Structures are given as C-alpha cells and as structure tokens.
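Colleague: Shown below is the structure under consideration.
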Amino acid sequence: MTFDWTNPYASSRAPVFARNLVATSQPLAAQAGLRMLALGGNAVDAAIAAAATLAITEPVGNGLGSDCYILVWDGARMHGLDASGIAPAAWSTGYFRSRHQGRIPARGWDSVTVPGAIAGWAALHERLGSLAFATLLEPAIEYAERGYAVTPAVQRKWAAQVDLLQSMPGFADHFMPRGRAPAVGEHFTLRCAADTLRRVAQTSGRDFYEGETAHKLVAHAQAHDAVLTLNDLRGYAPRWVDPIAQPYRGHVLHQLPSEGHAHGVASLVTMGILQHFDLAAHAPDHPDMHHLVIEAVKLALSDVPESRDSLLDPTRLAACAAAIDPKRAQPFAQGRAPQGGTVHISAADRQGMMVSLVQSNHIGFGSGVVVPGTGVSLHNRGYAFSADPAHAHAVAGGKRPGHASTPLLLTRAGAPLASLGVMGGNMQPQGHVQTLVRMVDHGQQPQAACDAPRWRWTHGMSVDAEPTMPPALVEALRARGHAVEHAGDPHADFGSGQFVWRLGDPAMQGYVGASDGRRDGLAAGL
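Going left to right, the sequence shown walks through residues 1 to 526 as UniProt numbering numbers them.
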C-alpha cells in the first residue's frame, strides 16, 4: 500500500512509525504493552499486558469480569480465540419467565454470564506468549494499587453512567469513592483488584475460576439470589476457532466467527457488497461514495435470519449490491444497529507477530455489579440472549450469547498487513468499513482515516453525522434521501480506532500506527 501521508482533517496526532507498536484507547495501557516489548516480549505479551491494564484504567468499557476476542498472526499462520463466557447451567427461558416476566434484564446478576477475559489471557499466553504470565500483569497491578489520573474520555463515559448504576450491588463502593464519578485528572485506585490480579498472576488465571476469587464471585451471586455456581466457573474454557474471511480488492479481511449473529459479520458482509462498486472513482469525501457505503451498511445490519455462510455467499453479496440505488437511499429492512461497550488493542512486533484483541463489557460498565473485595466489575453479556424459546439466540445453560465483537486482521498475498478495530457501540462494524475504505480504496494513511469525520446509521433512514462533517456533504446526503442529523452531543460515540499497518519487513521498515483522537488513546512504538 502506498499511502498519501498528508492529513486533510483537523488532528492533534501524527502517525507513529516503529518496528514494535501498540495502539490502545488509553495511554497507560499502550505503554504497558510497550514495556513488555522492551523486556524482550512479543506482540502477544504486549496485548495481554495492555488488556489487563485497560481493565483497570478504562473500566467504562471493560474490566476483570469482561469477555475477550482475539486474532493472532504468529509469523506463519492465523489463530482465533473466542473467550466469551457461557450462561450459568440453571439459565433457561423458563427461568427468565418466572423471575423477569419473560425478559433478559440489562443490569444485575441475571445479566452476567461466566466472564471469559482472564481465561482468554491465560490461554493466549500458554500458546503464544514468551514472558512469564505474572510479568504481563505487573503494570495493571501497579495501576490498581497505586492509582492513576482519570483521563477525559473515560471520565465522560464514567459520569454518564453513575446515575443508572449507583444502586447496583458494589458499584458505588468501587466506582464512586467520593459519592460521584472521579473528575478529569483525579486520582483513582482499585486496590482490591490488585490483590485479585496477584492471585490470577500466581495461578495463570485459575484463581478466577476455582480459587479465592471464584468463591467470592459465587458467594456474592448467591447472596443476591443468582444462580452462578463454582461448577459454572470451573467448567469454563475459551475456544480456539478458525477465523472467517472476506476478500476485498486483493486483500482478505479476517475476523472471528460469531455464533451465527448477523451483526457479528456485518463488517465482512458490507465489504463484500462494496467490492461490487468502484469507490475509488469518487473522492474520499464525495457524497456518492458515502451514500454507497451507508446503503451497504444498512443491508448488512438488517435483521436477516440466515446462517453466517449464507450471509457471506458471493451470490447473495452480489444481489445485495444490485439492490442498491446509486442515487437514492432506501429503507431496506427496518433493522437497528447493535449496541456495545468495548475496547480494542492492536499490537505488532519486529518478528512479524500481529495481534487484534477486543475486550468487552457488552454495554458500558456492563451489569453494574462489582464483587466486594475483588474489584471485579461484571459484564452484561447475557443481555444479548433472547427469552423467546423460538429465537435463534434463546437463552440456555452452557450456551454462549451472540456477539458483534470483531477484532480484525487484514492480509495480502497470504501475509499479515494490518491489525485494526473501531470500537464504540454500534460504530464497530460501521467504523471498520468507513476507515477501511479510506485506507484501501483511497490510500489515506491510518491517522487520517482515524481523524476523518464519521456518520452512524441508527435505524431505518436515520443517520447521525459528527459535528465536523462538512455541511455540504450532509446536505448532499439528505438530497439522496438520507435522514441525516448532526449529533447534538459533541461527545457522542462515533468510535475509537486503533490501527497498526505493516510497511514492509517488520524488522526493517516496521509499521505505522494510529490511535483515534475521539478517545484518550495512544499509538506507542520502539
């Protein structure tokens, strides 16, 4: 790829060039990963250290009770790890019918499946790590015990959630230490999480699933009339899976399979549709180009009850492309873009190893439940289930809920080219597509692709636009039938991109990295 190294968009950041790179949405996490690389570790070591640190320093989207999803190029082949948790054995549609009037709650213990992140770190380290597991957790332990200054984007999300969550068990005690969210720059500690991380470090993760931490989790669940058991925790293991792929303009986009969840493959479906259009014939900010991408996103995110294989069938993708009117917006199915609360890590090293890792609470702080004496804030991944027995994602004990978490790796000619992700609620697939098109079709360098104004399809014909999107572009999209509105909140979530792109031989030319200015993040290299 030959990039245009200029940046036509307002930006406070420059691309970062190095032979070892880590990009995350919180600076301390990127530096934790870089610390492992400086110690002689590899990209897997860096990604685990960054993930553990993000669980402490960006608790608004992930935590020690999260799930994680990982793609790794080890220098010769691709690995996929699904560390999403399973439902407690006692869960069923009848359980939720009797306790919650036939619905899955968004908060509280009955939204919590077995957390998979820590088991994911341990499994990834066992197969591909090089430094001692305990070494990888040292930065996170330090920040939990000695504290850190809360950064601006994290603080905004923190403050936005406290009113909703302050009544949840343990939340106020841990995340409202002064009766409120911390202020920007205010010192915050989570000392009990440091003790938990030490036990996790000493046992390569097993303490969380069968030791002291596991017993504390189960005791708290039972004290709140929930049904999580030690057997649920002991029996959990992440799954090594074969990634799925979609060709695009001589590249191949790889991600994890997603339990047949249509939203989980939306990035690949959209790119498969867009391959039928010559997007490079338009300038990167031309309304015709954006119109085509919006229409493809709408088709990909429409609720279609099909298997993953049929969603990516080339004949179907061609039919979707043929359904798009190049000059006029259409409603298609009245789908709604998915929600979520996630972080992403891109890491690469001079030996050519490349990692794309997503860690997720599902929605914001997740369930709102924080287990006393552990610092473990628990996700609400169970909310992705359906309580309808006829639904494809009907809840059942031991089952994994559907997900739309998509770590991405891009390859070309059988070799890794980029690790990338754009996190932030329903922007995940939409941000992937908008930034990929800019880099692959238009040759915009990764930081420019991060900085460019974005739109966000929400439902039907409705599209939100960032305040920085040019008025002429907004009006031109409206003229094509899109119901475009500028987002009133300047801090509305238009995603957070973390990119690492290979420039040549990793040991010589290295990589270029970018981190999205919509978060507090950092691309750091050595």
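Virtual Cβ for every residue (Gly too), placed ideally from N, Cα, C. Just so it is clear, the structure is predicted and the values come from calculations on it, not from any experiment.
(1) Looking only at its own chain, which residues have a Cβ that is under 8 angstroms from the Cβ of V433, when we skip the five neighbours before and after it?
(2) With a floor of 4 residues, list each alpha helix (DSSP H) that falls wholly inside the segment 198 to 281, ordered by position along the chain.
(3) Might you give, ordered along the chain, the residues of its own chain that have their beta carbon closer than 7 angstroms to the beta carbon of A159, omitting 5 neighbours on each side?
(4) Give the DSSP-derived three-state secondary structure of M423 in the structure shown.
(5) Between the Cα of A415 and the Cα atoms of Y383, H254 and G211, which residue gives the shortest distance?
(6) Which residue's Cα is closest to the Cα of K399: A83, I56 and E466?
(7) What residues in its chain sit with their C-beta under 7 angstroms from that of Q447, if we drop five residues either side in the sequence?
(8) List the endpoints of the continuous beta strand (DSSP E) containing residue 527.
(9) Report all residues from its chain with a CB closer than 7 angstroms to the CB of I86; omit the five preceding and five following residues, and keep chain order.
(10) Can you check whether the CB of V484 is closer than 7 angstroms to the CB of L279?
(11) Less than 6 angstroms between C-beta atoms, sequence neighbours within five positions excluded: which residues of the same chain meet that for M439?
(12) If you draw a straight line from the alpha carbon of A89 to that of T229, how long is it in whole angstroms?
(13) Within the same chain, show all residues whose beta-carbon is closer than 8 angstroms to that of G129, passing over the 5 residues directly before and after it, in chain order.
(14) Beta-carbon within less than 8 angstroms of G179's beta-carbon, same chain only, minus the 5 sequence neighbours each way: which residues are those?
(15) Using alpha carbons as the reference points, say which of D67, M36, M78 and T53 lies closest to M354.
(16) Does the beta-carbon of H174 have 16 or more other beta-carbons within 10 angstroms, so that it is buried, or is it exposed?
(17) Going by DSSP, what residue range makes up the beta strand (DSSP E) through S302?
(18) When you compare only the Cα positions, how much space is there between A524 and L190?
(19) Taking the beta carbon of P471 as the centre, do at least 16 other beta carbons fall within 10 Å, making it buried, or is it exposed?
(20) In whole angstroms, what separates the C-alpha of N231 from that of Q498?
(21) Within a Cβ cutoff of 6 angstroms, which residues of the same chain sit near P27, ignoring the five residues on either side of it in sequence?
Modeller: In short, the structure shows the following:
(1) One-based indexing of the sequence shown puts residue 433 at position 433. Excluding sequence neighbours, V433 sits near S267, T270, M271, L274, V293, A296 and V297.
(2) Here the runs fully enclosed are 207 to 210, 212 to 223, 230 to 234 and 266 to 274.
(3) Along the sequence shown, read from residue 1 onward, the residue named residue 159 stands at position 159. Residues of the same chain with a CB within less than 7 angstroms of the CB of A159, apart from the 5 flanking positions on each side, are A181 in chain order.
(4) If you number the sequence shown from 1, residue 423 lands on position 423. Reduced to three states, the DSSP call for M423 is strand.
(5) Start at 1 with the first residue of the sequence shown, and residue 415 comes out as number 415. Ranking the options by Cα distance to A415, first place goes to H254.
(6) Against the sequence shown, residue 399 aligns to sequence position 399. Nearest C-alpha to K399: A83.
(7) As a working note, residue 447 is residue 447 in the sequence shown. If we look at Q447 and ignore the five residues flanking it on each side, its Cβ neighbours are N7, S11, R13, A14, P15 and A514.
(8) Only positions 1 to 526 of the chain appear in this structure, which leaves residue 527 out of reach.
(9) Translated into the one-based positions of the sequence shown, residue 86 becomes position 86. Correct list, in chain order: T113, V114, Y236, G398, K399 and R400.
(10) Here residue 279 corresponds to residue number 279 of the sequence shown, with the count starting at 1. Here residue 484 corresponds to residue number 484 of the sequence shown, with the count starting at 1. Against a cut-off of 7 angstroms, the Cβ pair of V484 and L279 comes out as no contact.
(11) The residue you call residue 439 lines up with position 439 of the sequence shown. A distance below 6 angstroms between beta-carbons, with the five flanking residues on each side excluded, links M439 to the following residues of its chain, in chain order: A449.
(12) Taking the first residue of the sequence shown as 1, we reach residue 89 at position 89. Taking the first residue of the sequence shown as 1, we reach residue 229 at position 229. C-alpha separation (whole angstroms): 8 angstroms.
(13) Residue 129 sits at position 129 when you count from the first residue of the sequence shown. Take G129, set aside five residues on each side of it, and the residues of its chain with a beta-carbon closer than 8 angstroms to its own are G41, N42, V44, D45, I48 and L136, in chain order.
(14) Along the sequence shown, read from residue 1 onward, the residue named residue 179 stands at position 179. Cβ contact annotation for G179 (same chain, cutoff 8 angstroms, sequence separation greater than five): A172, in chain order.
(15) Here the question's residue 354 lines up with position 354 in the sequence shown. Checked all of D67, M36, M78 and T53; the closest Cα to M354 is M78.
(16) The sequence position of residue 174 within the sequence shown is 174, counting from 1. Answer is buried; the Cβ neighbour count reaches 16.
(17) Your numbering for residue 302 matches position 302 in the sequence shown. That residue, S302, is in no beta strand (DSSP E); it is neither H nor E in DSSP.
(18) Translated into positions along the sequence shown, residue 524 becomes position 524. Translated into positions along the sequence shown, residue 190 becomes position 190. Roughly 25 angstroms separates the two Cα atoms.
(19) Here residue 471 corresponds to residue number 471 of the sequence shown, with the count starting at 1. Note on P471: under 16 other CB atoms within 10 angstroms of its CB, so exposed under the neighbour-count rule.
(20) In the sequence shown, counting from the first residue as 1, residue 231 sits at position 231. In the sequence shown, counting from the first residue as 1, residue 498 sits at position 498. Those two C-alpha atoms are separated by around 37 angstroms.
(21) Counted from its first residue, the sequence shown places residue 27 at position 27. For P27, where only same-chain residues beyond five positions count, the Cβ hits under 6 angstroms are L522.
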